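**Q** Dropping the structure in here first, questions after.
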Amino acid sequence: MIEVEHLWKAFYDERRRTTVVAIENVSFEIERGQFVCIVGPSGCGKSTLIRILAGLEQATAGSIETGDRDPRRPPAMVFQEASLFPWLTVADNVAYPLRLQGVGKAVREERTKPLLAMTNLGGFSHAYPHQLSGGMKQRASVARALIDDASDLLLMDEPFGALDEQTRIGLQQELLRIWEQSKKTVIFITHSVEEALSLADRVLVMSARPGQIVADIAVPFPRPREVLALRREPAFGELTFKVWQLLKPDDAAAEELAAPVPATAMPPARITVPPRSEASSAGALDKASLAALVKPPARDRILQIAGMFSPLLVLLVWEALTRSGALDFRFFPAPSAIFETFWELVTSGTLLTDTLATVARVAIGFAMGAIPALALGLALGLWRLPRQILNPIFSALYPVPKIAIFPLLLLLLGVGEMSKYVIIAVVAFFLVFFNTLTGVLQIPKIYLDVAKNAGASELQLFRTVAWPAALPGIFTGLRLAIGTAFVVIAAVEFVGAKSGLGYAIWSAWQTFAVEKMYVGIVAISAVGYLSILLIDLVERLTMPWVRQ
Ligand code: ADP
Ligand code: MG
């Protein structure tokens, strides 16, 4: 049913510019209806392998044949990590695959009920995942993977790894019962040798990274199996021991394997150890060709750079439209004509003076607003009492259109620069504050718990967890704030300034100097665009862990 041939998986590490081989030249076949377990040390590529089989990850080299399986219907999967949607109830989580298929609510409920009962979640169908224990969550994930009867391949990545032994044995037994009825093909990953031998028809043993299959064991125990009763069989103990020998990194294991097996009532296992030399000669890849396969193609880089210049394309189209007469040149002068005016303004120095005036107002006002907003957002996010007292004040002030207070600021601060700084500061403050606060409040509690448990002081909690975890929210706030700051500064300079790009646009309007008006618009947009690029750059530098 499944035929994996010379499968390789390598990852490219962008930062260190190296290739990490996770799976090295793995080949195996799985028959329909077989229950196959894969065991191997942590980090040997088990999850990677199963993710490739699930179609969630692309193999670097090699082929996977899935026989007559419907390629549009991905196999059901139970993930290693917590994978329930926090926004759905347990019952809705379990029924999720059916919902995607358009199955009606009544049928979904009917199909969900027995699965919830089977996984001992009957009383929790309306609970949300955060109300469940870790084991209960994992049981719900198993139920979700079982709900689609039509799916004939079930992939399980250490599904019971986080469960207590008692629950685990119960679920193993249940899984065997369901499997014997459904005859689904199961690929089950586990680090527990006993679990593998209790469940599987066949156990594939993987070596440490880069993962290779070092043994293929036909498990001889008759079915139906009693998971618990199996454990007192001497043959079970013997085989467990043998598998542990196979997992040993050294070759001493081979000798111990050859030792005579004590007589038991059970038939002996058939263990096939693929010869290393053969495995590495067929389908072998050297380091260089592997690196070539996983390195991001040059095309990506070129596209990325080209993307920075895509606004130029708009200008070219505009130029063509004006020249062909499709656009009225009095209102939409050609970019080349605008450029001429631009050049005049550059050489006369007016453009520079205006740009610098605007940039200085935005930069100073932005710093005045964003820095306290960051500090306050982080502080209120972490401390509930001040949050409860102060947050309503900010929430009430937030809807006030900031530009509306400008006349008041003119009155208070005069027409000088200070009134401009303050209006930008106010605008930046609210956007940065609320986004920072939200960023902190959305930090997964587990990270705060880890820090507290490790003995973090308040300051350390702030520095090592709250700050990095809130960064995505902070950058959203900074981006919104800089964009809005340019909108506001233009408006403010229209009415209350004798310099700056906003003033230049306004006075161009008064003299019907349309080209000058455009130069002003383009200049203020360009400065805004550059400031966003700057924030992007800072973001990439401060958050190297975020996947691009
Ligand atoms: P496990 O057998 O414990 O499930 P995994 O398949 O998760 O192991 O990982 C195998 C190896 O591949 C590990 O060394 C891991 O560091 C590496 N790896 C997995 N996913 C990625 C990734 N997205 N980028 C880089 N390396 C990865
Ligand atoms: Mg894993």
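Everything in the sequence shown is counted per our numbering, starting at 198 for the first residue and increasing by one.
Just so you know, even glycine gets a beta-carbon here, dropped at the ideal spot from N, CA and C.
As the structure is a computational prediction, the values presented were derived from the model and not from experiment.
Where residue 379 and residue 663 are concerned, what is the direct C-alpha to C-alpha distance, given to the nearest angstrom?
**A** C-alpha separation (whole angstroms): 48 Å.
**Q** Quick test of your reading: residue 538 and residue 713, contact by CB under 8 Å. State the CB separation rounded to the nearest angstrom.
**A** Indeed they touch by this definition, with Cβ atoms about 6 Å apart.
**Q** Helix, strand or coil for residue 388? Go by DSSP, reduced to three states.
**A** Coil.
**Q** With DSSP as the reference, label residue 360 as helix, strand or coil.
**A** Residue 360: coil per DSSP, three-state reduction.
**Q** Mind checking whether the beta-carbon of residue 335 lies closer than 7 Å to any heavy atom of the ligand MG?
**A** Answer for residue 335: no, Cβ out of range of the ligand MG.
**Q** When the Cα atoms are used, what is the spatial distance from residue 281 to residue 716?
**A** Residue 281 and residue 716: Cα-Cα distance of roughly 53 Å.
**Q** Give the secondary structure of residue 301 by DSSP, where H, G and I count as helix, E and B as strand, and everything else as coil.
**A** In this structure, residue 301 counts as coil in the three-state DSSP scheme.
**Q** Residue 678 and residue 628 look like a contact to me (Cβ under 8 Å); what is the Cβ gap, rounded to whole Å?
**A** Right, their Cβ atoms sit about 4 Å apart.
**Q** Closest by CA to residue 328, which one among 360, 303, 287 and 228?
**A** Checking every option, the nearest Cα to that of residue 328 belongs to 287.
**Q** Assuming residue 352 and residue 384 are in contact, meaning their beta carbons sit under 8 Å apart, how far apart are those beta carbons, in whole angstroms?
**A** Right, the Cβ-Cβ distance comes to about 5 Å (below 8 Å), so this counts as a contact.
**Q** Can you tell me whether DSSP reads residue 354 as helix, strand or coil?
**A** Three-state DSSP puts residue 354 in a strand.
**Q** Classify residue 503: buried if its beta carbon has 16 or more other beta carbons within 10 angstroms, exposed otherwise.
**A** Counting Cβ neighbours within 10 Å, residue 503 comes out exposed, since fewer than 16 surround it.
**Q** Decide if residue 650 is buried, meaning its Cβ has at least 16 other Cβ atoms within 10 Å, or exposed.
**A** The residue is exposed, with fewer than 16 neighbouring Cβ atoms inside 10 Å.
**Q** For a test of the three-state rule: what should DSSP assign to residue 476, helix, strand or coil?
**A** Residue placement at residue 476 is flagged as unreliable, the pLDDT there being 48, under the threshold of 50; a coordinate-derived value is accordingly withheld.
**Q** Look at the Cβ atom of residue 205, then the Cβ atom of residue 221, and state whether they are nearer than 8 Å.
**A** For residue 205 and residue 221, yes; Cβs fall inside 8 Å.
**Q** Is residue 291 closer than 8 Å to residue 341 when the C-beta atoms are compared?
**A** Contact flag set, yes.
**Q** I need the boundaries of the beta strand (DSSP E) containing residue 581, first residue and last residue.
**A** Element bounds for residue 581: not the beta strand (DSSP E) but the alpha helix (DSSP H), 581–594.
**Q** So is residue 330 buried or exposed if we call it buried at 16+ other beta carbons inside 10 Å?
**A** Residue 330 is exposed by the Cβ-count criterion.
**Q** Within this structure, are the beta carbons of residue 648 and residue 656 separated by less than 8 Å?
**A** Against a cut-off of 8 Å, the Cβ pair of residue 656 and residue 648 comes out as no contact.
**Q** Output yes or no for whether 8 Å exceeds the beta carbon distance between residue 721 and residue 621.
**A** Not closer than 8 Å, so no.
**Q** Is residue 515 helix, strand or coil by DSSP?
**A** Residue 515: helix per DSSP, three-state reduction.
**Q** Only counting the same chain, and skipping five residues up and downstream in sequence, which positions put a Cβ closer than 7 Å to that of residue 248?
**A** Hits under 7 Å: 254.
**Q** Three-state secondary structure (DSSP) at residue 411?
**A** DSSP places residue 411 in strand when its eight states are reduced to three.
**Q** Suppose you measure from the CA of residue 566 to the CA of residue 285; what does that come to, to the nearest Å?
**A** Cα to Cα, residue 566 sits roughly 39 Å from residue 285.
**Q** Do residue 404 and residue 234 come within 8 Å of each other at the CB atom, strictly closer than that value?
**A** Not in contact: residue 234 and residue 404 (Cβ atoms no closer than 8 Å).
**Q** What number of angstroms, rounded off, separates the C-alpha of residue 652 from the C-alpha of residue 576?
**A** In a straight line, the C-alpha of residue 652 is about 19 Å away from that of residue 576.
**Q** Just to confirm, is the Cβ distance from residue 217 to residue 208 under 8 Å?
**A** Yes, the Cβ-Cβ distance between residue 217 and residue 208 is below 8 Å.
**Q** Within the region 269–297, note down every full beta strand (DSSP E) run reaching 3 residues or more, in order along the chain.
**A** With a minimum length of 3 residues, the continuous beta strand (DSSP E) runs that stay inside the region 269–297 are 273–275.
**Q** Compute the distance between the beta-carbons of residue 223 and residue 410, then report whether it is under 8 Å.
**A** Against a cut-off of 8 Å, the Cβ pair of residue 410 and residue 223 comes out as a contact.
**Q** By how many angstroms is the C-alpha of residue 730 removed from the C-alpha of residue 632?
**A** Distance between the alpha carbons of residue 632 and residue 730 is about 19 Å.
**Q** Looking only at DSSP bridge pairs, what is residue 401 linked to?
**A** Answer by DSSP bridge pairing, in chain order: 235 and 413.
**Q** Thinking residue 261 and residue 226 are a contact (beta carbons under 8 Å), I'd like their distance in whole angstroms, please.
**A** About 11 Å; that fails the 8 Å criterion.
**Q** Would you kindly work out how many angstroms separate the C-alpha atoms of residue 422 and residue 297, rounded to a whole number?
**A** Each residue's alpha carbon lies about 35 Å from the other.
**Q** Three or more C-beta pairs under 8 Å: does that hold for the region 483–499 against the region 690–707?
**A** Not touching, per the Cβ criterion.
**Q** Comparing alpha-carbon positions, which option in 725, 358 and 215 lies nearest residue 684?
**A** The shortest C-alpha separation from residue 684 is found at 725.
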